[in-house]
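Below is one structure, written out as structure tokens; the observations come after it.
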Amino acid sequence: MSETAKMHEEMDAPKWHLARGRGGGGSLTRGKRISGRQLYLWLFLAVMLNFPFSAGRKDNTPTKTNVTRPVERKVGSGWWKRGGVASESGAQVSYVVLIEAGGNGTVAHVNAYTQQDGQTYPQFSLPGSRLRSDVSISSFSASPANADVGGMLDPLLAFALETVPAAQHSATPLLMVATAASLQGVKREASAKLLDACFERIKQGAGGLMVQRDWVETIGPRVQGGLLWLAVNFALQRLSGMKFHRKGTFSCVSMGVQSVQAVLALSADEEEEVELKLRFGTFSQSLYSVNHNLVGMEAAMQKYNSQMAGSGSTLRRRRDPCLRAGASTVFARGLGNYFKCEELAAKMLRKDVPCDLPPCSINGVHLPDILSSSDMGGIVVANELHTTLQALGLDERKHGATLFHVQKAGARMCAGSGQGRSGTEGSAAAVGGDKEGDPKASSSAANGGDRKGQEKARRKGSSKQDKAKQEALPVGVDDTCFRTAYSVALLSTGFNLPLSAKLYTLPKQLRTIDWPLGKAVQFVLAQRQRESSLDAILL
57 MSETAKMHEE MDAPKWHLAR GRGGGGSLTR GKRISGRQLY LWLFLAVMLN FPFSAGRKDN
117 TPTKTNVTRP VERKVGSGWW KRGGVASESG AQVSYVVLIE AGGNGTVAHV NAYTQQDGQT
177 YPQFSLPGSR LRSDVSISSF SASPANADVG GMLDPLLAFA LETVPAAQHS ATPLLMVATA
237 ASLQGVKREA SAKLLDACFE RIKQGAGGLM VQRDWVETIG PRVQGGLLWL AVNFALQRLS
297 GMKFHRKGTF SCVSMGVQSV QAVLALSADE EEEVELKLRF GTFSQSLYSV NHNLVGMEAA
357 MQKYNSQMAG SGSTLRRRRD PCLRAGASTV FARGLGNYFK CEELAAKMLR KDVPCDLPPC
417 SINGVHLPDI LSSSDMGGIV VANELHTTLQ ALGLDERKHG ATLFHVQKAG ARMCAGSGQG
477 RSGTEGSAAA VGGDKEGDPK ASSSAANGGD RKGQEKARRK GSSKQDKAKQ EALPVGVDDT
537 CFRTAYSVAL LSTGFNLPLS AKLYTLPKQL RTIDWPLGKA VQFVLAQRQR ESSLDAILL
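Per the numbering used here: the sequence shown = residues 57 to 595.
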């Protein structure tokens, strides 16, 4: 039973209570008094019939309806059907563990899911559990043959064994996938030795979890982009056969600290542009996935700061259009000129490079219409782009935020008016709501719902204390002005999006979803298809 149904059931249940009479005695009432004999009779019947006294309780004491207990089930062949934990719906719960070896650390993802007969896709419990280690696999590249990867993997393996029920260990696969960024600059032979060392350590510390050498692998940026597309559209139920598949799939743009990735689904008449054929279960989708290195947020900031340092005079502080108005550092004085900042950011994207096959994106690389696969007129943005929208208070809009809204909020942010959700200058409230949104709700969300606090902050904005704080801000601390301008420049100039294009972020509970979920879904579907084929042969 859903939480909504439970809530309505409790609201409709009769509310009995004990009322005090003149003589101090009590009686259960529901609009009328009950005699003492009736009370005792009622209590006797309640005990005999196991009346649900806890129907209106507000504590969190577990009941039989929400406790999952391990049960042995043999539904058929296939590791994903063995053992299991019964869910509320009666379907057994299975698990898949994936260790993500990325450029900035290593993360263990544990996902629980159910798979009932007749279901096209497994039902994942999202976002799942995860544990992060700051140790990267590339730190062992100096001596790959003798790499001691235990410090990186052991805590993650212990976390997986603790998260997955012991009864499920023998039926739970453990995968490890390293991204190309995590092994950048490492030779192919050294990379293979590192993966071998990881597999040996996993075998030692995986307990009863299922491991295989071919489940420890490396993926390139295009495959990573395809798995991100799969994860996002799976979570939003946009894949073939899902609830919202008729609305089309979402294109995705993910900006990291060093690189930017864009991926979109191609229609049948765009087959000649296919870069990736993604298979998931019995389905396949032609995708166009492109990865641009050294244009991520951190890389762009470093490049911009280098350019500004080269253009400034050593005798006085330079005037920085991308530094918020009123902010001051030892080297720069903020002008807060958003549109000048966006213009400078656009020049770093090298759109002047010759384009062999238009339309083209950054550095003259071909990129089809990124909005063509969705009828929602927007894309899903992730990572650094999500962080930028969050700083502006534009990340929780049901109907998305247009690039124009982001641009307008950025202009106010740079000018130093208002106060954003994270406490930086600027406000999404200044943007106002679009026709599909609620201006009041947007204003409240952007300012933490405290309008009085906002007005008070504005009145104090000219005080000497606040002015001193602004002058003490170092470059990089108050970077929302640059982040916003660069994000808009990347999407509008770099990826040819109109200002009317809508930017969507994943719901709060799904915010940590990334390509590892796509890999887990693809793996589970592939194993299910393989076992189904084996069953058909045996029959």
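Note that CB positions come from ideal geometry on N, CA and C, so glycine has one too.
Check: Straight-line Cα distance separating H225 from Q446; Outcome: 39 Å
Check: Same chain, Cβ closer than 6 Å to T176, neighbours up to 5 away in sequence not counted; Outcome: G297
Check: Cβ-Cβ distance between D534 and M357 below 8 Å; Outcome: no
Check: Euclidean distance between Cα positions of L217 and G264; Outcome: 9 Å
Check: Rounded C-alpha distance that separates S428 from A236; Outcome: 29 Å
Check: Assumed close pair A401, A471 - CB separation to whole angstroms, cut-off 8 Å; Outcome: Not a contact, Cβ separation roughly 17 Å.
Check: E273 burial status per 10 Å Cβ neighbour count (16 or more: buried); Outcome: exposed
Check: Distance between beta carbons of I426 and S307, contact taken as under 8 Å; Outcome: 5 Å
Check: Coil, strand or helix - G184 by DSSP; Outcome: strand
Check: Three CB pairs or more closer than 8 Å across the segment 454 to 468 and the segment 539 to 547; Outcome: yes
Check: F255, buried or exposed, once every other Cβ within 10 Å from all chains shown has been counted against 16; Outcome: buried
Check: Member of S185, H165, V191 whose CA lies at the smallest distance from the CA of G159; Outcome: V191
Check: Nearest-angstrom beta carbon gap, S185 and M208 [assumed within contact, 8 Å]; Outcome: Actually they are not in contact, since the Cβ atoms of M208 and S185 sit about 19 Å apart, beyond 8 Å.
Check: Span separating the alpha-carbon of F339 from that of Q172; Outcome: 18 Å
Check: Nonlocal neighbours in the same chain, by C-beta distance under 6 Å from Q578, ignoring five residues either side; Outcome: F336
Check: C-beta contact flag for E596 and L343 at 8 Å; Outcome: Any property of residue 596 remains undetermined from this structure, which presents the chain solely from 57 to 595.
Check: Contacting residues, own chain, Cβ-Cβ under 6 Å from N552 (five flanking each side not counted); Outcome: P415
Check: Exposure label - E398; buried when at least 16 CB within 10 Å; Outcome: buried
Check: Counterpart residues of V163 in DSSP-defined beta bridges; Outcome: E156, R188
Check: Boundaries of the alpha helix (DSSP H) in which Y344 is found, first to last residue; Outcome: Premise fails: Y344 lies in the beta strand (DSSP E), 339 to 349, not in any alpha helix (DSSP H).
Check: Top-ranked residue by Cα proximity to G174, from A147, S194, V153, V152; Outcome: A147
Check: Nearest-angstrom Cα separation, counted from K243 out to Y151; Outcome: 34 Å
Check: Length of the line joining the Cα atoms of G474 and T444; Outcome: Confidence at G474 is low in this model, with a pLDDT of 46, below 50, so its placement is unreliable and the value that follows should be read with caution. So the alpha carbons of these two residues sit roughly 16 Å apart.
Check: Beta-ladder partner(s) of L559, from DSSP; Outcome: I435, A457
Check: Outcome for V288 when other beta-carbon atoms lying within 10 angstroms are tallied against a minimum of 16; Outcome: buried
Check: Assigned exposure category for L405 - 16 Cβ within 10 Å defines buried; Outcome: buried
Check: Proximity of R373 and F395 at Cβ, strictly below 8 Å; Outcome: no
Check: Cβ pair V421, V346 closer than 8 Å; Outcome: yes
Check: 7 Å CB neighbourhood of A262 in its chain, flanking five on each side removed; Outcome: L213, L230
Check: CB of V351 within 8 Å of CB of I418, strictly; Outcome: yes
Check: Proximal residues to G550 (C-beta, below 6 Å), its chain only, five neighbours per side dropped; Outcome: L405, S417, I418
Check: Bounding residues of the alpha helix (DSSP H) (the contiguous stretch that carries E398); Outcome: 394 to 403
Check: For Y177, three-class secondary structure by DSSP; Outcome: coil
Check: Which of helix, strand or coil DSSP assigns to Q317; Outcome: strand
Check: Anticipated Cβ contact below 8 Å, P277 with Q317, distance rounded; Outcome: 7 Å
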